[in-house]
Structure formats: C-alpha cells, structure tokens
Amino acid sequence: MLVEAEHLCKRFGDFTAVRDVTLRMGEGEILALLGPNGAGKTTTVRMLASILKPTSGAARVGGFEVVRDAQQVRHTIGLLTEVPGLYQRMNALEYLAFFGELQHMDKRLCKQRSEALLTRFGLFDARQRRLGTYSKGMKQKAAIARAMLHEPRILFLDEPTSAMDPHSAKQVRNTISDLRAQGRTVLLCTHNLNEAEQLADRIAIIRRGEIIAQGTAQELKRELLGEPMMEVRLVGLLNGLSARIGTQLDIVETGANWFRYRTTRPEMDNPALLARLSELGRQVVTLSEVERSLEDVYLKIVEQ
Amino acid sequence: MLSNALIITRRELRDSLRDWRILMPIALLTLAFPWLMIAVSQLVFDYAHNFDESALFITVIPFSIMIVGFFPISFSLVIALEAFVGEKERNSLEPLLAMPISDFELYLGKLLSSIALPLIASYVGMAMFIVGIHLVRRIDVPTWMVVQVGLLTGLEALLMVAGAVVVSSHTTSIRAANLLASFIIVPTTLLVQIESVLLLNNRSDLLWHIMAGLIVANLIVGRMGIQLFNREEILARENDELNARGLLRAFWNFLTEGRGRFSVVQFYHADLRALLARNRGALVVTMLVLVAGGVLGWLYAMLYRLPPDFIALNNFSGDDFRRNLHNAPALGLLPQFSTRAIFVNNVRSLAAAGLLGVFSFGSLALILLIIPMAIIGFFAGEVWLTGASPLQFLFAFIAPHGVLELPAAILATALALQMGASLISPRADLTAGESLLAALADFMRAFIFVVLPLLLVAAWVEANVTPQVVVWLYGR
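Here the protein sequences come in this chain order: A and B. The numbering used here applies: residue 143 is where the first sequence begins, and numbers increase by one. The numbering used here applies: residue 18 is where the second sequence begins, and numbers increase by one.
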C-alpha cells in the first residue's frame, strides 16, 4: 500500500475536523475523496502531506510515517492545494525552477520537465509571462505542473479542475489518467462527481470529518441505491401486464406504457422477461438499465 | 540546512527587488538621504564653528551615521511582517509548507530574506555618508565608530525582523500583523532615541552595553521564533478571535490537573509535588541565580568598602536597635517594620515578579530576586571586612524569617520564570498559549496556597522574632 491511514483524527481546540479516517491506496490507484465544504477533505490531505500533525491515529505515505518522516513524505508526494497560490511576480519557468530546487532536482532536468509540463498544459508560449497575468485556469495548470514536477509517486490533488474551461479540464483529466497508467497513486479531492466517477477507481465520501462510505462507484450505487434497475418500454399500454408478470419480477414503478424492476441477475432475468413478453404477444420498444448517477449516491449520503 | 534556507532567501529577495513599493523608498533613503544628513551636518558644523568642533565631531557624526542607517532597516519590519502572513493571504504558503524543508530552514530563509535588502541598503547609506562627509568636509570617521554604529544597526534590524517573523507567523492577516507591529516599533524607536541621547551626550561607550543587551534580546526572540514557528501553528490558525470561554476552560483544566474540580486537599497531597517536579528546571535556575546574587553582592562589598563605623556590630545596642525599628518610617517602597507592612511589601514584589516575568521572558523576575540577594551578600561581605562573622550576621538578620521567606521567593520567582519561558520554549505537548496558561495556573495555585502562607508567617517572624535574635546575638 502506498497510502495507509489508520483512524486519523485532527482536532483544533474544541473542533474536530477529522475523526477516525481510515484509508488505503495501492500503486496506480486513483481514490476520489468527496464531501461537502468543510467536511475534512483538505485537513485529511494536509495530514497525509505531513503539513499538519494528526491528533491521533497514524498514516504512512510511500512507506514513510507522516509525523516521524515528514521530510521524506513531502519529498515523495506532489501536492496541489485547493487554491493555486502562485508567486505573482515570477514567470512559470522561474516558479517551477524554485520548487524544483527545493525538491533538490538537477537544474537541467528541472528545466526539461518544466518545459514538457508547460507544453502539455498549453502554457509553453506563456512561460516567460508573470504568473500574475495568467487566467484562473492557467494558474491552476501551472500549479498542477508544480505538483508533478519532481515526478512524485503519489499525488494529492485538491480540486484540480475547478475554475477551468472544459478543454483545460479535459487536458487535466487526461493527465490524471496518464498518471494512473504510469503507476502513480492519486488522491483526488473534488466536487465534480462526474469527474470522480470517470477517473477514480474508488470513491470515499467524507462528512463532518468521518468517512461514511467507501468503494467503487458501482459498489456505492448498489449499496445506497439498491440493485440495478431495468426499464421496459412497450408498444401500447400495459393493460394489467405488470400483474401477470409481477410474480416473477420485483416491479418497483409503472407508467402508461413502461415499468421498472430491480434485478440482481440481469443476465438471466432480462432474457427470461423478453421471452415471456413475446409469449404474451407484447412488442418491446426498449429494455435498458436505468442510469443512476453518483450524484444520487452523494446526495443520499450527505443529506442523511 | 543553509542551502534550503538560501533558496527561499533568493526567491524572496528577487520578489522584493521586483516590488517598486519596497525598492523605491529603500533606494531613495539609501542614495539620497545620506546627502541630506551631510548637508545637515555641514550646517551644524558651520553654526558651531566657534565652539568645540572636536566635541561636535564625536557626537554629530555617529548620530548622523546611525540615523542614515536606521531608516532603511525600518523596511525590514515591513518585509518581515509580510513574510508569512502575506503569503498566507495570497494562498502561496501551503505549497511551500509541502516542500521537504524543515521548519527551521523555512524560518531562517524568511529571516534572512527580510533582513538582507534593508541591511545592505543601510550599510550602503552609511558608506555614502562616510565617503560624502570626507569629500565635502575632509572628515575621516574612525573605524571604531563605524563598527559600533554598524553593529548596533545590524542588531536592531535583526531584533525587529526576528520579532516581526514571530508576529507574522502567528497572525491571520497583514492587518493584524501591522497592528501588532507596534510592539516592535515602539521599543525600537525608544531604543534609538536613547542611543541618540547617549551619542549627543558623548556617551558612546554605553552603546557597547546596549549592544550586549541587544545580543541577549536577539537570542531570546530568535529562540522564541524558532520554537513557535511550525507549520501546524501557521496553517491551523484560521482566525484571531479571542475565545474567552475556551481560554477559561483550558485554564481551569490546568488548575484542576484535568479533574474538573479544584480541591485544596488534593493540591497539598499530590498536585504540589507534581507542580514542583514539573518546574524543577526553573527552580534550579532560580536557586543558582539566588546564589549568584549573593556572590555578586559579596564581590561588590570587596570593591566598595563602607566606612568602618557604618556597620558597628561591635557597638551594637539592643535598646537603640529596638527603638530604631519601632520608629522607622516607611521609605518609598520599603515598608514600616510591622507584620502587615512586610507581608504586603513581599507579596507586592513577588506578584510583580510574576507579571514582569511574562513580559520579559522571565528575566525581570530573576532580576527582582537578584537585587535583595545582592544586598544581603553585600552586607555579609561588609560584615566580614569589619572582622565580624558573616555567618552570625546571616543567622541573626536573615535566617529566622529567611527559612520561610526564601523558599517562598524561590518558588514564586521560578514559576514567574516558567511563565516567561513558556513563550520561548513551550511544553512539547502544548502550544505557546496553552503553555502560558499552564504556567499561570501553576503560579496562581502555588502563590495562593504556598507562597502567601509562607510570606505571612515569615513577615510575623521578621517583625517579632528576628529582632529578638539580633538582640540576643549582638545586643549588649
């Protein structure tokens, strides 16, 4: 495991920001940490990045203890903070050179990496411009370049595509996918649920400092929204059809010419249903799975 | 270690050099102000042509150098105040805190970057003044004068910056940092005024003493900065609001040793022992200081011998002694010789030690203890010089009440020292604020339940028993 957190807690005086967070991330895995504002995502990341010390619990990142081996942890990770926070009077190359120097990178290698990253994010032509003149999206991309500069094995990315136009967001999402392909581990804090579903291998939902659900998107949907739901649309009205086939299926909703049912074994139940409908002389327009979004899962959890 | 700090220093310097709001005034003060001071010096010399020009030389020249040097270093305060809190406001601090550098390297980098530019400007300004006054008036400024004012300026800049970095790393906005900056500006300007008065009165020799004091102050504030500077404190501090209820709860927690209920019996039974064990370092230091104060007084007695008839223990009259004690008026802070007056005086001075200890990192509390001990040591030495026994003197005049008063004084002073020291070196498991509250809780409990009773009994003994012992041992 590259990231292991066991019962992490963080208190600021009377306020408990994070309570009992347990997380595990393997090599090449992307974990999306979702939660409302103030849920404890940033505090969790700060503890894992050895910036804040946990009040209790323990965590290892890249094989290093976050408290005892703080320097090694900080060397092992790349951190994109919630707000890019660049030095306004520096240009992109100077900025990356500064952080490369702090990561003890070879100057030539640092320049090569900086130029490659700036090219990747479409910032190469603006490399000599003061960062203060960059747009929000450009600043965000420059900050991501900073986090990736020393090729860390683990990246903590807090809202990587916020404030970006769709094209830039796609660039960044592709980059994150590439990172996984390279075997890098990414902890992604985001409010963008589509992005989380699209990129993450697993999703953890945090609320009031506690992880209240964790798993793949499919697992979370099944766990929180129930088994997959199928929808059948017919030619003509149902005319009591649901009563005739209801003994075989768990029908949950009906309309004028459609009905929905839950199934744990769609590969068996769906062909059997089509055969039965055919026997009954009913023509089927569509049989499809009802799409359930991660947003439904998220809202169900956080509104509980 | 230094290399990481220098990376930060270089970046910050480059940033400052690109900021015209910093660069313009510094450049102006460095390049133009020395000429203004040269012109002023010219006027003073021309006006005072018929007076003692050499006296003017040793007052006006170093004063002018000091002023020329001081204005640019005042900018170090602005840069240093901005060092952490400015970055925090612009959200550029967290990426820096996520770098593999230690808290100390970060602190050092910021400190150096804050001081470097203003100090260089200050020295360039001084050099311009020295060269200018040579060219204009053919006056050669002696090296010792340059070294003295240069060192003094450097130490002042360091003190301002060290203080400002502490303020900057513990506030949440530049506005708050600027408000707190008066705690740095006011003492520094007062110091510069004192230095000016000394220079204009031809007492530059005393500047070496000020310099020694500045070195100590720099060490204290520097250590405080290193101790208090950490990522946790900087990032966790989200607002500057005073949480009175939280403070009271924490204080009560320390006062009751976490039990939630204060018990006098429990205090004498267990808490006092724990309190003494916890503060044993401060107790040892206080006892050493106590001994040092006595030795210092003794050594002074060897240097400054009183007239032989001043201490006339051989002609001691018990009746005169009693009469003098009875009729002795109160002299300023010195009490009348009664239980109440002695008690009030001792309580006042030990309470003052506690208060001053907080504001002086404990040092003034120790000084308040050194003074009476030095007086005792001085008189013991004088007694020895008259050929009498200093031990008998101590046994007669000090020991009867001293066996109670000294432990009370040691305990109160040690806890006052601990309060001051808690800001420089907080307990490992506590923040600086919590550490101060814990030390205050220790001081208050010990003061009320140990120091006050001891002082009360000691005052009664001093007023009623000690004179009897003195008469018994020395009276005719």
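C-beta: ideal position from N, C-alpha, C; glycine also.
Across the segment 191-219 of chain A, CB contacts with chain B closer than 9 Å involve A191, S192, I193, L194, K195, A212, Q213, Q214, V215, R216, H217, T218, I219, in sequence order along the chain. For A:G227, the closest Cβ of chain B is nearer than 9 Å. Taking a C-beta cut-off of 9 Å against chain A, the contacting residues of the segment 90-104 of chain B are E104, listed in chain order. By the Cβ rule, the segment 124-131 of chain B counts as touching the segment 24-38 of chain B, because three or more pairs are nearer than 8 Å.
Residues of the segment 233-255 of chain A whose Cβ lies closer than 9 Å to any Cβ of chain B, in chain order: E236, F240, F241, E243, L244, Q245, H246. Less than 9 Å divides the Cβ of A:L260 from the Cβ of A:A234. The way I'd put it, the segment 448-467 of chain B doesn't touch the segment 411-421 of chain B; fewer than three beta-carbon pairs between them come closer than 8 Å. The beta carbons of A:E224 and A:T184 sit about 6 Å from each other, so the pair counts as a contact at 8 Å. Residue state for A:K152 is assigned as strand, using DSSP reduced to three classes.
Residue environment for A:P196: buried (at least 16 other C-beta atoms within 10 angstroms of its C-beta). Three or more beta-carbon pairs separated by less than 8 Å are not found between the segment 132-151 of chain B and the segment 187-201 of chain B, which leaves the two stretches without contact.
Within the segment 304-382 of chain A, the complete beta strand (DSSP E) segments of 3 residues or longer fall at 327-331, 344-349, 352-357, 371-376, listed in chain order. Think of a sphere of 7 Å around the beta carbon of B:L245: no beta carbon from chain A falls inside it, the nearest being about 15 Å out. Apart from the 5 residues on each side of it in sequence, A:Y229 sits with its Cβ closer than 7 Å to the Cβ of Y237, L273 in its chain, given in chain order. The DSSP-derived three-state label of A:R255 is helix. When DSSP assignments are scanned along the segment 91-115 of chain B, no uninterrupted stretch of beta strand (DSSP E) that is 3 or more residues long falls wholly within it. In the same chain as B:A433, and ignoring 5 residues on each side of it, the C-beta atoms closer than 6 Å to its own belong to A370, G371, G374, A382, in chain order. Of the residues A:L144, A:T164, A:V145, A:M143, the one whose Cα lies closest to the Cα of A:K152 is A:T164. Every candidate beta strand (DSSP E) stretch fails here, since none sits fully inside the segment 398-432 of chain B while reaching 3 residues. From the beta-carbon of B:D32, the residues of chain A found nearer than 8 Å are Y229, R231, M232.
Segment contact: the segment 242-258 of chain A against the segment 202-211 of chain A, fewer than three CB-CB distances shorter than 8 Å; contact not assigned.
In this structure, B:A267 is the residue among B:A267, B:V281, B:V282 with its C-alpha nearest to the C-alpha of B:G275. Chain-order list of chain A residues neighbouring B:M116: R216, F241, L244, Q245, by C-beta distance under 8 Å.
Apart from the 5 residues on each side of it in sequence, B:P443 sits with its Cβ closer than 7 Å to the Cβ of Q244, A449, S452 in its chain, given in chain order.
Here the segment 95-111 of chain B lies against the segment 180-191 of chain B, with 3 or more beta-carbon pairs under 8 Å apart. B:P112 has a beta carbon lying within less than 9 Å of a beta carbon in chain A.
B:V183 counts as buried, since no fewer than 16 other beta carbons sit within 10 angstroms of its beta carbon. Residue-level contact check: B:D36 touches chain A, since one or more beta carbons of chain A fall below 9 Å from its beta carbon. Contiguous beta strand (DSSP E) elements confined to the segment 195-236 of chain A occur at 198-203, 219-222, taking only those with 3 or more residues.
Put simply, the backbone Cα of A:A398 is about 10 Å away from that of A:V377. Within the model, the alpha-carbon separation for A:M290 versus B:F92 is close to 37 Å. Taking 9 Å as the CB threshold, A:T223 lines the interface with chain B. A:Y403: member of the beta strand (DSSP E) spanning 400-404, first to last residue. Look at B:E173: its C-beta is not under 9 Å from any C-beta on chain A. Close to B:I24, with beta-carbon spacing below 9 Å, are these residues of chain A in chain order: F240, E243, L244.
In this structure the segment 80-87 of chain B lies against the segment 161-168 of chain B, because at least three pairs of beta carbons, one per stretch, are closer than 8 Å.
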